[in-house]
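Have a look at the structure below before the remarks.
In my numbering, the protein residues as written are 1 to 275.
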(Lines of atoms letter the chains of each structure in order from A and count residues from 1; the text may use other names and numbers.)
(Lines give C-alpha, C1' and ligand atoms only; values in the text may rest on other atoms or scores of the structure.)
Protein backbone atom coordinates (compact mmCIF):
# COMPACT_ATOMS: atom_id res chain seq x y z
CA UNK A 1 0.00 0.00 0.00
CA UNK A 2 1.49 3.39 -1.00
CA UNK A 3 2.45 5.75 1.80
CA UNK A 4 0.19 8.73 2.39
CA UNK A 5 1.60 12.24 2.28
CA UNK A 6 1.29 14.10 5.54
CA UNK A 7 -0.44 17.51 5.59
CA UNK A 8 2.78 19.53 5.59
CA UNK A 9 4.21 17.68 2.58
CA UNK A 10 0.93 18.04 0.63
CA UNK A 11 0.72 21.76 1.37
CA UNK A 12 4.34 22.32 0.36
CA UNK A 13 3.75 20.49 -2.93
CA UNK A 14 0.65 22.61 -3.65
CA UNK A 15 2.50 25.84 -2.97
CA UNK A 16 5.37 24.77 -5.22
CA UNK A 17 2.96 23.97 -8.08
CA UNK A 18 1.29 27.40 -7.83
CA UNK A 19 4.70 29.05 -7.85
CA UNK A 20 5.72 27.11 -10.95
CA UNK A 21 2.55 28.18 -12.79
CA UNK A 22 3.05 31.81 -11.82
CA UNK A 23 6.66 31.82 -13.02
CA UNK A 24 5.59 30.27 -16.34
CA UNK A 25 2.90 32.87 -16.89
CA UNK A 26 5.14 35.72 -15.78
CA UNK A 27 7.81 34.59 -18.25
CA UNK A 28 5.26 34.36 -21.08
CA UNK A 29 4.12 37.92 -20.33
CA UNK A 30 7.74 39.13 -19.95
CA UNK A 31 7.07 40.52 -16.47
CA UNK A 32 9.46 40.69 -13.53
CA UNK A 33 8.26 39.85 -10.05
CA UNK A 34 8.14 43.57 -9.28
CA UNK A 35 6.15 44.28 -12.46
CA UNK A 36 3.55 41.67 -11.57
CA UNK A 37 3.40 42.72 -7.91
CA UNK A 38 2.74 46.33 -8.90
CA UNK A 39 0.13 45.35 -11.51
CA UNK A 40 -1.71 43.12 -9.03
CA UNK A 41 -1.27 45.50 -6.07
CA UNK A 42 0.39 42.86 -3.90
CA UNK A 43 3.62 42.82 -1.93
CA UNK A 44 6.64 41.94 -4.06
CA UNK A 45 8.11 40.06 -1.08
CA UNK A 46 4.92 38.04 -0.61
CA UNK A 47 4.78 37.24 -4.34
CA UNK A 48 8.37 36.02 -4.19
CA UNK A 49 7.48 33.72 -1.28
CA UNK A 50 4.45 32.39 -3.17
CA UNK A 51 6.55 31.62 -6.23
CA UNK A 52 9.16 29.77 -4.16
CA UNK A 53 6.49 27.81 -2.27
CA UNK A 54 7.32 29.37 1.10
CA UNK A 55 3.96 31.09 1.45
CA UNK A 56 0.35 30.50 0.44
CA UNK A 57 -1.58 33.03 -1.62
CA UNK A 58 -5.12 33.90 -0.58
CA UNK A 59 -7.95 33.30 -3.03
CA UNK A 60 -8.26 37.07 -3.57
CA UNK A 61 -4.54 37.34 -4.31
CA UNK A 62 -4.69 34.47 -6.82
CA UNK A 63 -7.54 36.20 -8.64
CA UNK A 64 -5.67 39.52 -8.72
CA UNK A 65 -2.56 37.82 -10.09
CA UNK A 66 -4.58 36.00 -12.74
CA UNK A 67 -6.22 39.26 -13.78
CA UNK A 68 -2.88 41.08 -13.94
CA UNK A 69 -1.47 38.26 -16.10
CA UNK A 70 -4.46 38.37 -18.45
CA UNK A 71 -5.13 34.67 -17.94
CA UNK A 72 -8.10 33.10 -19.76
CA UNK A 73 -10.95 31.87 -17.56
CA UNK A 74 -9.88 28.22 -17.92
CA UNK A 75 -6.34 28.99 -16.81
CA UNK A 76 -7.58 31.18 -13.96
CA UNK A 77 -9.58 28.18 -12.70
CA UNK A 78 -6.48 26.00 -13.01
CA UNK A 79 -4.45 28.47 -10.95
CA UNK A 80 -7.14 28.59 -8.27
CA UNK A 81 -7.31 24.79 -8.05
CA UNK A 82 -3.50 24.56 -7.93
CA UNK A 83 -3.65 26.90 -4.94
CA UNK A 84 -6.24 24.68 -3.25
CA UNK A 85 -9.35 26.76 -4.02
CA UNK A 86 -12.52 25.99 -5.93
CA UNK A 87 -12.70 27.29 -9.51
CA UNK A 88 -14.51 30.57 -10.02
CA UNK A 89 -15.86 30.20 -13.54
CA UNK A 90 -18.31 27.48 -14.67
CA UNK A 91 -17.76 25.31 -17.74
CA UNK A 92 -21.18 24.47 -19.16
CA UNK A 93 -21.76 22.14 -22.08
CA UNK A 94 -23.43 23.71 -25.11
CA UNK A 95 -25.98 20.89 -25.08
CA UNK A 96 -27.42 21.84 -21.68
CA UNK A 97 -30.66 23.85 -21.27
CA UNK A 98 -28.67 26.62 -19.58
CA UNK A 99 -26.86 27.28 -22.88
CA UNK A 100 -29.98 27.17 -25.08
CA UNK A 101 -29.92 30.91 -25.85
CA UNK A 102 -26.21 30.85 -26.72
CA UNK A 103 -26.76 27.81 -28.93
CA UNK A 104 -29.67 29.53 -30.71
CA UNK A 105 -27.56 32.65 -31.30
CA UNK A 106 -24.75 30.54 -32.78
CA UNK A 107 -27.16 28.65 -35.04
CA UNK A 108 -28.60 31.96 -36.24
CA UNK A 109 -25.15 33.37 -37.07
CA UNK A 110 -24.20 30.22 -38.97
CA UNK A 111 -27.47 30.28 -40.91
CA UNK A 112 -27.14 33.98 -41.75
CA UNK A 113 -23.79 33.28 -43.40
CA UNK A 114 -25.48 31.18 -46.12
CA UNK A 115 -24.72 30.56 -48.94
CA UNK A 116 -21.12 30.91 -47.72
CA UNK A 117 -19.37 28.58 -45.25
CA UNK A 118 -19.23 29.21 -41.51
CA UNK A 119 -17.93 27.09 -38.62
CA UNK A 120 -18.11 27.05 -34.86
CA UNK A 121 -14.74 26.04 -33.39
CA UNK A 122 -13.29 25.69 -29.92
CA UNK A 123 -9.85 26.87 -28.85
CA UNK A 124 -8.22 23.73 -30.27
CA UNK A 125 -9.84 24.14 -33.72
CA UNK A 126 -12.30 21.29 -33.28
CA UNK A 127 -15.29 21.92 -35.56
CA UNK A 128 -18.34 21.79 -33.27
CA UNK A 129 -20.94 23.05 -35.72
CA UNK A 130 -21.06 24.16 -39.36
CA UNK A 131 -23.70 25.51 -41.71
CA UNK A 132 -24.95 23.70 -44.79
CA UNK A 133 -22.77 25.83 -47.08
CA UNK A 134 -19.66 24.45 -45.36
CA UNK A 135 -20.84 20.91 -46.07
CA UNK A 136 -21.64 21.76 -49.71
CA UNK A 137 -18.22 23.29 -50.39
CA UNK A 138 -16.43 20.42 -48.65
CA UNK A 139 -18.42 17.89 -50.66
CA UNK A 140 -17.47 19.72 -53.87
CA UNK A 141 -13.72 19.86 -53.21
CA UNK A 142 -13.62 16.35 -51.65
CA UNK A 143 -16.12 14.36 -53.71
CA UNK A 144 -17.06 10.85 -52.68
CA UNK A 145 -15.64 10.92 -49.15
CA UNK A 146 -16.27 13.25 -46.21
CA UNK A 147 -13.34 14.66 -44.25
CA UNK A 148 -11.65 12.10 -42.01
CA UNK A 149 -11.13 14.75 -39.32
CA UNK A 150 -13.32 16.97 -37.17
CA UNK A 151 -10.36 19.23 -36.38
CA UNK A 152 -9.54 22.06 -38.80
CA UNK A 153 -5.77 21.85 -38.23
CA UNK A 154 -5.77 18.17 -39.21
CA UNK A 155 -8.03 18.84 -42.19
CA UNK A 156 -5.60 21.43 -43.55
CA UNK A 157 -2.37 19.51 -42.83
CA UNK A 158 -3.41 16.00 -43.84
CA UNK A 159 -2.44 15.42 -47.52
CA UNK A 160 -5.46 13.11 -47.88
CA UNK A 161 -7.88 15.77 -46.68
CA UNK A 162 -8.57 19.43 -47.58
CA UNK A 163 -4.86 20.09 -48.03
CA UNK A 164 -4.98 18.34 -51.42
CA UNK A 165 -7.49 20.93 -52.68
CA UNK A 166 -5.84 24.11 -51.31
CA UNK A 167 -3.88 25.96 -54.00
CA UNK A 168 -2.06 28.30 -51.58
CA UNK A 169 -1.49 25.65 -48.91
CA UNK A 170 1.87 26.97 -47.67
CA UNK A 171 0.37 30.42 -47.01
CA UNK A 172 -2.64 28.99 -45.15
CA UNK A 173 -0.70 26.34 -43.22
CA UNK A 174 2.13 28.75 -42.39
CA UNK A 175 -0.35 31.22 -40.91
CA UNK A 176 -1.88 28.46 -38.76
CA UNK A 177 1.57 27.38 -37.55
CA UNK A 178 2.36 30.97 -36.53
CA UNK A 179 -0.95 31.11 -34.68
CA UNK A 180 -0.25 27.82 -32.87
CA UNK A 181 3.18 29.08 -31.81
CA UNK A 182 1.62 32.34 -30.56
CA UNK A 183 -1.03 30.52 -28.50
CA UNK A 184 1.62 28.30 -26.89
CA UNK A 185 3.78 31.32 -26.06
CA UNK A 186 0.79 33.19 -24.60
CA UNK A 187 -0.69 30.17 -22.77
CA UNK A 188 2.22 28.03 -21.58
CA UNK A 189 -0.02 25.52 -19.76
CA UNK A 190 -1.99 24.61 -22.92
CA UNK A 191 -0.56 21.15 -23.54
CA UNK A 192 -3.28 20.26 -26.07
CA UNK A 193 -2.24 23.06 -28.43
CA UNK A 194 1.40 22.06 -27.98
CA UNK A 195 0.56 18.48 -28.97
CA UNK A 196 -1.50 19.73 -31.92
CA UNK A 197 1.47 21.77 -33.14
CA UNK A 198 3.74 18.72 -32.95
CA UNK A 199 1.18 16.66 -34.84
CA UNK A 200 0.87 19.30 -37.58
CA UNK A 201 4.65 19.54 -37.92
CA UNK A 202 4.90 15.74 -38.31
CA UNK A 203 2.83 15.66 -41.50
CA UNK A 204 4.84 15.16 -44.74
CA UNK A 205 6.00 18.18 -46.67
CA UNK A 206 5.96 20.59 -43.70
CA UNK A 207 8.99 22.95 -43.86
CA UNK A 208 11.54 22.35 -41.08
CA UNK A 209 11.80 26.07 -40.29
CA UNK A 210 8.19 26.04 -39.07
CA UNK A 211 9.35 24.25 -35.92
CA UNK A 212 10.76 27.54 -34.67
CA UNK A 213 8.47 30.44 -33.85
CA UNK A 214 8.97 33.29 -36.32
CA UNK A 215 8.63 36.60 -34.49
CA UNK A 216 10.14 38.71 -37.27
CA UNK A 217 7.36 38.27 -39.83
CA UNK A 218 4.04 39.98 -39.24
CA UNK A 219 1.00 37.96 -40.29
CA UNK A 220 -0.87 39.05 -43.39
CA UNK A 221 -3.78 41.41 -42.60
CA UNK A 222 -6.02 39.36 -44.88
CA UNK A 223 -5.46 35.64 -45.39
CA UNK A 224 -7.20 34.01 -48.33
CA UNK A 225 -7.84 30.31 -48.91
CA UNK A 226 -8.01 29.18 -52.53
CA UNK A 227 -9.54 25.81 -53.42
CA UNK A 228 -9.30 24.13 -56.80
CA UNK A 229 -11.32 21.23 -58.13
CA UNK A 230 -10.75 20.36 -61.79
CA UNK A 231 -11.05 23.69 -63.62
CA UNK A 232 -13.03 25.42 -60.85
CA UNK A 233 -11.31 27.75 -58.37
CA UNK A 234 -12.94 29.09 -55.20
CA UNK A 235 -11.36 31.92 -53.20
CA UNK A 236 -12.43 32.93 -49.68
CA UNK A 237 -11.26 35.22 -46.90
CA UNK A 238 -12.26 34.63 -43.29
CA UNK A 239 -13.41 36.67 -40.32
CA UNK A 240 -13.39 35.51 -36.68
CA UNK A 241 -16.21 36.28 -34.23
CA UNK A 242 -15.75 35.77 -30.48
CA UNK A 243 -18.08 36.36 -27.52
CA UNK A 244 -17.32 39.50 -25.53
CA UNK A 245 -16.84 39.50 -21.74
CA UNK A 246 -17.76 35.84 -21.21
CA UNK A 247 -18.29 34.45 -17.71
CA UNK A 248 -18.25 30.79 -18.74
CA UNK A 249 -15.19 28.80 -19.82
CA UNK A 250 -17.04 27.13 -22.69
CA UNK A 251 -18.18 30.42 -24.20
CA UNK A 252 -14.71 31.99 -23.95
CA UNK A 253 -13.25 29.00 -25.81
CA UNK A 254 -15.60 29.39 -28.80
CA UNK A 255 -15.21 31.35 -32.00
CA UNK A 256 -17.07 31.48 -35.30
CA UNK A 257 -15.12 31.51 -38.54
CA UNK A 258 -17.11 32.99 -41.43
CA UNK A 259 -15.89 32.65 -45.02
CA UNK A 260 -16.62 35.34 -47.62
CA UNK A 261 -16.04 35.12 -51.39
CA UNK A 262 -13.06 37.01 -52.80
CA UNK A 263 -14.61 37.31 -56.26
CA UNK A 264 -17.95 37.16 -58.04
CA UNK A 265 -17.17 33.76 -59.57
CA UNK A 266 -16.87 32.21 -56.10
CA UNK A 267 -19.99 34.00 -54.88
CA UNK A 268 -21.99 32.85 -57.90
CA UNK A 269 -20.84 29.23 -57.55
CA UNK A 270 -21.81 29.20 -53.84
CA UNK A 271 -25.27 30.46 -54.77
CA UNK A 272 -25.58 27.76 -57.43
CA UNK A 273 -24.58 25.06 -54.92
CA UNK A 274 -27.27 26.30 -52.56
CA UNK A 275 -29.93 26.01 -55.25
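The beta carbon of each residue, even a glycine, is placed where N, CA and C say it ideally should be. Model, not experiment: these values are computed from the prediction.
Assigned secondary structure, residue i (DSSP; H/G/I helix, E/B strand, else coil)
i           : result
residue 88  : coil
residue 114 : coil
residue 243 : coil
residue 56  : coil
residue 271 : helix
residue 130 : strand
residue 232 : strand
residue 212 : coil
residue 261 : strand
residue 80  : helix
residue 217 : coil
residue 224 : strand
residue 266 : helix
residue 256 : strand
residue 238 : strand
residue 65  : helix
residue 121 : strand
Test item: CB-CB of residue i and residue j under 8 angstroms
i           : j           : result
residue 65  : residue 34  : no
residue 181 : residue 232 : no
residue 128 : residue 79  : no
residue 254 : residue 243 : yes
residue 19  : residue 52  : yes
residue 222 : residue 237 : yes
residue 166 : residue 239 : no
residue 274 : residue 114 : yes
residue 125 : residue 71  : no
First through last residue of the alpha helix (DSSP H) which encompasses residue i
i           : result
residue 196 : 191-201
residue 251 : 249-253
residue 152 : 152-157
residue 174 : 169-186
Residue i CB to nearest heavy atom of the ligand COA below 7 angstroms
i          : result
residue 45 : Annotation note on the ligand COA: not contained in the displayed structure, which lists no ligands.
>> Please give the ranges of any alpha helix (DSSP H) in the segment 8-52, keeping only runs that are unbroken, at least 4 residues long and fully inside the region.
In response: 33-40, 44-52
> Is the segment 151-161 touching the segment 112-127 in the sense that three or more CB pairs, one from each, lie closer than 8 angstroms?
Replying inline: yes
>> Is it the case that the segment 188-206 contacts the segment 103-113, given that we only count it when at least three CB pairs across the two stretches are under 8 angstroms?
In response: no
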